[in-house]
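A.B. asks: Position one of the sequence shown corresponds to residue 1 (full-length UniProt numbering), numbered consecutively onward. All C-beta atoms, glycine included, are put in the ideal place defined by N, C-alpha and C.
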Amino acid sequence: MFHGPRRLLPIGAAIVTCMLVVLTVHSGAPTPRHNANLGLSAQPLPTARGQTQKPGDGTVAVGRMHAKDSRVNDLAPPRRRAALFARPQDQSIAAGNTNSNDGGHSNTSNTNTNTNTSNDSGVVFPQHPAIARESKAVHNLLYSGGVASFPPFRSLAEPPLFISLVPDNTALTHLCLSHLSAPDMQECNSADPARHQVFALSSEGHVGFEVQGVGHYCLHASDERIFANSFASLADTDEDDDHIDPSVPRKVVYRLCTSIFANAKVMKEGSLSTKDAVDTWQFVPGKGLVHRETGNCLTYNYHTKITLEPCRDMDSQWMLRTDVNGSLILPRQWDKELIALAERRERQIKPLLATVRTLASKTRKLTHRAHSRASKRTQGVDGRRAVVFFMEPSRMLTLQVKWWLRAWRMLKLDEPDQRMDVLIMGNGDDFESLMSLGCEMKSLDTQTSIPHADGHGVCWLFPFRGINSREPGKYDAWFNSLEVLVNKKTRPLLEQYDQLLRADADTLPTPKMRGYWSEKLVLSLNAGYATRYADAKLATLAADAGLVWHDLRNIGSTFYGPAKSVLHLVELTVAVGALLRTYTFAPGTGCKLPPKLRPADVDCEWGSGLWLGVSLLYSQQIAANHMIGSGFPVKFEAEKKFDVGTEGEIDVCSVLMLHVYHNRERFSKLALLDGEYKNFDMSSLDFHVARDLITYFALTANDQGMNGEVALSRSGDPSKLCG
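#1: Is it the case that the Cβ atoms of P463 and M425 are separated by a distance below 9 angstroms?
#2: Starting from the C-beta of S181, find all residues in its chain whose C-beta is less than 8 angstroms away, skip the five residues before and the five after it, and write them out in chain order.
#3: Alpha carbon to alpha carbon, what distance is there between V566 and K640?
#4: Is the beta carbon of N301 less than 9 angstroms from the beta carbon of P246?
#5: Kindly list the residues whose CB is nearer than 7 angstroms to the CB of N201, restricted to its own chain and excluding five residues on each side of it in sequence; keep chain order.
#6: Can you look up I349 in the DSSP assignment and give me helix, strand or coil?
#7: Taking the alpha helix (DSSP H) that V652 falls in, what are its first and last residues?
#8: Which residue comes first and which comes last in the beta strand (DSSP E) that contains M391?
#9: By how many angstroms is the C-alpha of L721 removed from the C-alpha of N554?
#10: Is A690 closer than 9 angstroms to D717 when the C-beta atoms are compared?
#11: Three or more C-beta pairs under 8 angstroms: does that hold for the stretch 393-412 against the stretch 507-516?
#12: Identify whether P78 lies in helix, strand or coil by the three-state DSSP scheme.
#13: Output the boundary residues of the beta strand (DSSP E) element that contains I163.
#14: Compute the beta-carbon to beta-carbon distance between L610 and F559, rounded to the nearest angstrom, for a pair I have assumed lies under 8 angstroms.
#15: Taking all protein chains shown into account, do 16 or more other C-beta atoms lie within 10 angstroms of the C-beta of I15, making it buried, or fewer, making it exposed?
#16: With distances taken Cα to Cα, identify the nearest neighbour of V458 among E471, R465, M441.
#17: Would you tell me roughly how many angstroms separate the C-alpha atoms of A453 and P416, rounded to the nearest one?
#18: Going by alpha carbons, who is nearest to E343 out of V655, G588, R666, Q621?
#19: Under DSSP, the alpha helix (DSSP H) around D325 begins and ends at which residues?
#20: Counting along the chain, where does the alpha helix (DSSP H) carrying D544 start and finish?
#21: To the nearest whole angstrom, what separates the beta carbons of L672 and H662, a pair I think is in contact under 8 angstroms?
#22: Three or more C-beta pairs closer than 8 angstroms, one from the stretch 483-495 and one from the stretch 536-550: is that the case here?
#23: With contact counted as at least three CB pairs below 8 angstroms, one residue from each stretch, are the stretch 309-325 and the stretch 366-376 in contact?
#24: Does any C-beta atom of chain B lie closer than 9 angstroms to the C-beta of D551?
#25: What does a CB cutoff of less than 8 angstroms around E665 pick up in its chain, not counting 5 residues either side in sequence?
#26: Give the range of the beta strand (DSSP E) segment to which A453 is assigned.
#27: What residue from T582, V614, F153, C591 has the CA that sits closest to C604's CA?
#28: Going by beta-carbon coordinates alone, are W334 and G286 separated by less than 9 angstroms?
#29: Using the Cα positions of V602 and R514, report the straight-line distance between them to the nearest angstrom.
#30: From P393 to W606, what distance separates their C-alpha atoms?
#31: How far does the beta strand (DSSP E) with P331 in it reach, from first residue to last?
#32: Is it buried or exposed, T280, if we count other Cβ atoms within 10 angstroms and call 16 or more buried?
#33: Can you tell me which of the three DSSP states F464 falls into?
#34: For the beta strand (DSSP E) containing W517, name the first residue and the last one.
#35: To which residues of the same chain is residue 724 closer than 7 angstroms at the C-beta, ignoring the five residues directly before and after it?
#36: Considering A301, what are the terminal residues of the beta strand (DSSP E) in which it resides?
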């Protein structure tokens, strides 16, 4: 049965379908394969239904597919479209493996005006016009892998490394530079989670690391300066590019290497090499990681993190190239590091030895004079005496000076018959609170004479910079309290005194100091810091310096006597201290190496070996041994008189000077600092007991405790406790 046109509909549809298939194959519709100038992408092309993909090259062979199934008629916006047509093999380029030589742009990204592309069969297909119009700059923005890859890192100076900071002698682990976020130091760890500590060093001296899919970041000294732990950009200061103060610390950051390079080219308005544009660094044995342009060192500070500062402080700058295996640190070229430090020590030691020997040669002449003076003159008849403190910003130190002043007045050591002055020298930050206690501000330039012999005791405050800040790196801070006595500005004043008391601020005079004068230098032997290992090392140093060693040990920090004798012991101690620091505790010596890099026969533990924290006492021990061994007149108290602890039941009239150590039992300066005595009831204190006397003076001087007046009424006048 003939149905007319209704029978023709399926036939017509079939014919139209065949024509569409032919047109699809031959009409030149765009294919997924793209030209080289389309940019770099890590996105593979999704395979359309009916397509087959040839293995290995990422090209697509066209098979049977309906027009509505292909994506060619559904083009995305330009940015999406570029990713859609990327080749899978471009993933390797995005990861940084390019052959570029122009700051990160791939050689394959050259300008190509040909808007056609072809498949492997040689059939040419016209490219979509929108893709052809997309510029190279747009592609560079879209595909950061190609832009950020940094060619110099294709040539490394050595295998990837850890940048490790050698910590101080007490640290059990090294710290490694991390690129997890901002530059910072973290405990070295070679485990998988710590891959953010691995760096590359290019043959040109660039230091950086790669972020997969992004590119290389470089260690970069920014133009931001650091002032008192705050940042200021170069534009905010009075400096310019040609007059930058190299001593001001600079902030160090990580920046995309190619961005630094591009910025430099724009700023210089010309062509630059990567070496000129991007910071380069050099590991210098015995010094650290040095910034080649400025000669400054990469520095670690707890508050400001990583900075660029003049090379001087080994504790914060001695960066090493290391390999890390678990907790095992393996420095590269370790022998060169130690050799460089040994050569530096040799250069530093020579002038220090000369200074010590010069001062030591004075001992014999001073010994003769001291004997003559002691035999011909009664001490204290027409002279004055003084205690000298060095004060720096410290709440603990302020508490201690206040209790000393309270005792000085309540024991009536400031009365004319005692002729005792308190001289406090320092930077003056806490002087205002002491002026309210009756102390007077003075100047070393104008106050050139001491009070009259029979005048009341004075408390004078002198602005003064300690040697630790005047000569950083040469002396430890502990030496400020000694050097202040023999400085060329202070010594002329102090030599006018008949007697001098050298004591730490955490001491306390007892009533027995009233009327106590000595014709000889007075020392004590109850400090408790000495070890046989340390004594042997100190004796070796003394022999090298030409000093006499008399086997005296545990010499206390408090000493007293004729001013010239005290000053000679102090000047010799200060000179020996500088030598000891370089000889025994300089970078590269056994006790300044972390335990894991320390020779097996080196003992730097408290109680058995050398201990940096008592280097002042070591220096004083060497100086005192030389003076005593040379026949200098010295008096050792038969019993404990100086530096007696405050935690026991000790008769206050049996000692001259108390010393508050680092105990938590009463009396404790640590508890006082923490305010633990605010509610302490003083009503039952007995001033005849040393512990109770220091408790009373310390608490009442610093507004802690209760019922102090009850204790005073109960025990009576402290100045009369010992008759």
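C.D. replies: Taking the definition as stated:
#1: Going by C-beta atoms, P463 is nearer than 9 angstroms to M425.
#2: Closer than 8 angstroms at Cβ, skipping near neighbours: no residue.
#3: Between the alpha carbons of K640 and V566 lies a distance of about 20 angstroms.
#4: With contacts defined as CB atoms closer than 9 angstroms, N301 and P246 fail to qualify as a contacting pair.
#5: The residue asked about is misnamed: residue 201 is Leu in this sequence, not Asn. Result list for L201: L156, A157, E158, L161, V207, in chain order.
#6: Helix, per DSSP.
#7: That residue, V652, is in no alpha helix (DSSP H); it is neither H nor E in DSSP.
#8: Bounds of the beta strand (DSSP E) holding M391 are 385-391.
#9: Each residue's CA atom was taken as its position, placing N554 and L721 some 30 angstroms apart.
#10: Cβ atoms of D717 and A690: not closer than 9 angstroms.
#11: By the Cβ criterion, the stretch 393-412 is in contact with the stretch 507-516, since at least three pairs of Cβ atoms, one from each stretch, lie closer than 8 angstroms.
#12: For P78, the pLDDT reaches just 37, beneath the cut-off of 50, and the residue's location in the model is therefore unreliable, although a value from the coordinates is still provided. Correct three-state label for P78: helix.
#13: Run containing I163: 161-165, per the beta strand (DSSP E) assignment.
#14: Going by Cβ atoms, the distance from L610 to F559 rounds to 23 angstroms, so no, they are not a contact pair.
#15: Any reading at I15 needs caution, since the residue's pLDDT is 48, under 50, leaving its predicted position unreliable; the model's value is listed next. Exposed is the call here.
#16: Ranking E471, R465, M441 by Cα distance to V458 puts M441 first.
#17: So the alpha carbons of these two residues sit roughly 8 angstroms apart.
#18: Minimum Cα distance to E343 is reached at G588.
#19: Correcting the residue identity first, residue 325 is Asn in this sequence and not Asp. Note, N325: premise wrong, no alpha helix (DSSP H); beta strand (DSSP E) at 319-325.
#20: It spans 532-544 - the alpha helix (DSSP H) in which D544 sits, taken as one unbroken run.
#21: With 8 angstroms as the limit, L672 and H662 do not qualify as a contact, their Cβ atoms being about 12 angstroms apart.
#22: Contact fails: fewer than three Cβ-Cβ distances are below 8 angstroms.
#23: The stretch 309-325 makes no contact with the stretch 366-376; the number of CB pairs closer than 8 angstroms stays below 3.
#24: Reference to chain B is not applicable here, since this structure consists of a single protein chain.
#25: Closer than 8 angstroms at the Cβ level, and outside the excluded window around E665, lie E647.
#26: First-last for A453: undefined, no H or E at that position.
#27: For C604, the closest alpha carbon among the candidates T582, V614, F153, C591 is that of C591.
#28: With a cutoff of 9 angstroms on beta-carbon distance, W334 and G286 are scored as not near each other.
#29: Distance between the alpha carbons of V602 and R514: 47 angstroms.
#30: Between P393 and W606, the C-alpha separation is close to 28 angstroms.
#31: That run of the beta strand (DSSP E) goes 328-331.
#32: By the neighbour-count rule (16 or more Cβ atoms within 10 Å), T280 is buried.
#33: DSSP, read as helix, strand or coil, puts F464 in coil.
#34: It is not in any beta strand (DSSP E) - W517 carries neither H nor E in the DSSP assignment.
#35: Only positions 1 to 723 of the chain appear in this structure, which leaves residue 724 out of reach.
#36: A small correction: the amino acid at residue 301 is Asn; Ala does not occupy that position in the sequence shown. That run of the beta strand (DSSP E) goes 297-301.
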